[in-house]
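Undergrad: Structure incoming, see below.
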Amino acid sequence: MAVKTDTEVIIGGSVLTLSGYESEEYLQKVASYINNKLSEYAKVEGFRRQPIDKQHILLEINIADDYFKAKERIAALEDDVAAKEKELYNVTHDLVATQIKLENTNQALKNAQQELQDNSRKIVRLETEMRNTKRKEKE
Numbered sequence: 016m017a018v019k020t021d022t023e024v025i026i027g028g029s030v031l032t033l034s035g036y037e038s039e040e041y042l043q044k045v046a047s048y049i050n051n052k053l054s055e056y057a058k059v060e061g062f063r064r065q066p067i068d069k070q071h072i073l074l075e076i077n078i079a080d081d082y083f084k085a086k087e088r089i090a091a092l093e094d095d096v097a098a099k100e101k102e103l104y105n106v107t108h109d110l111v112a113t114q115i116k117l118e119n120t121n122q123a124l125k126n127a128q129q130e131l132q133d134n135s136r137k138i139v140r141l142e143t144e145m146r147n148t149k150r151k152e153k154e
């Protein structure tokens with residue numbers, strides 16, 4: 016089981032202790048993300064005019080929005096990966112089928128070349144027999 020980490024962070028100017036099973040660096044990264052969101056919205060006039068509880072709700076909504084957009088992006092990337100894996104499988108299958116066809120064609124070519132050699136020898140043998148037969152007939 017992982018060790019629980021307690022880390023002091025600063026969020027919105029307040030020192031807080033975050034606890035979790037993640038690393039200190041990760042907890043600092045979370046705090047930094049929240050601070051960046053706070054400073055991003057602090058620049059927006061309409062946000063600053065809202066009561067603090069409404070500011071917190073708006074910030075929470077924005078963080079949830081980031082989360083759901085990230086989840087959608089991950090799902091889209093996973094779909095892309097699955098599609099690419101399927102495409103790779105199909106290409107690999109086609110490659111194997113093509114290699115088998117090539118091997119069969121090469122074997123057929125070797126067989127045809129052997130048959131050609133055999134037939135060429137047969138022709139030479141038959142021509143020789145024919146010449147010999149003609150000579151014997153002349154004699």
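The sequence shown begins at 16 in this note's numbering and counts up one residue at a time.
By construction, the Cβ of each residue, glycine as well, lies at the ideal position given by its N, Cα and C atoms.
Keep in mind the model is a prediction, meaning the values are calculated, not measured.
Put G61 into one of helix, strand or coil per three-state DSSP.
TA: Position 46 of the sequence shown, counting from 1, holds the residue named residue 61. Judged by DSSP in its simplified three-state form, G61 adopts helix.
Undergrad: Given a threshold of 16 other Cβ atoms within 10 Å of its Cβ, counted over all protein chains shown, does L110 qualify as buried or as exposed?
TA: On the sequence shown, position 95 is the one that residue 110 refers to. L110 is exposed by the Cβ-count criterion.
Undergrad: Under a Cβ-count criterion, where at least 16 other Cβ atoms within 10 Å of its own Cβ denotes burial, should L42 be classed as buried or exposed?
TA: Stepping through the sequence shown from its first residue, residue 42 is reached at position 27. Result: buried.
Undergrad: Alpha carbon to alpha carbon, what distance is there between Y82 and A17?
TA: Position 2 of the sequence shown, counted from the start, is the residue given in the question as residue 17. Position 67 of the sequence shown, counted from the start, is the residue given in the question as residue 82. Approximately 25 Å between the Cα atoms of the pair.
Undergrad: Please report how far the alpha carbon of R88 lies from the alpha carbon of K125, in whole angstroms.
TA: Along the sequence shown, read from residue 1 onward, the residue named residue 88 stands at position 73. Along the sequence shown, read from residue 1 onward, the residue named residue 125 stands at position 110. For the pair R88 and K125, the Cα-to-Cα distance works out to about 54 Å.
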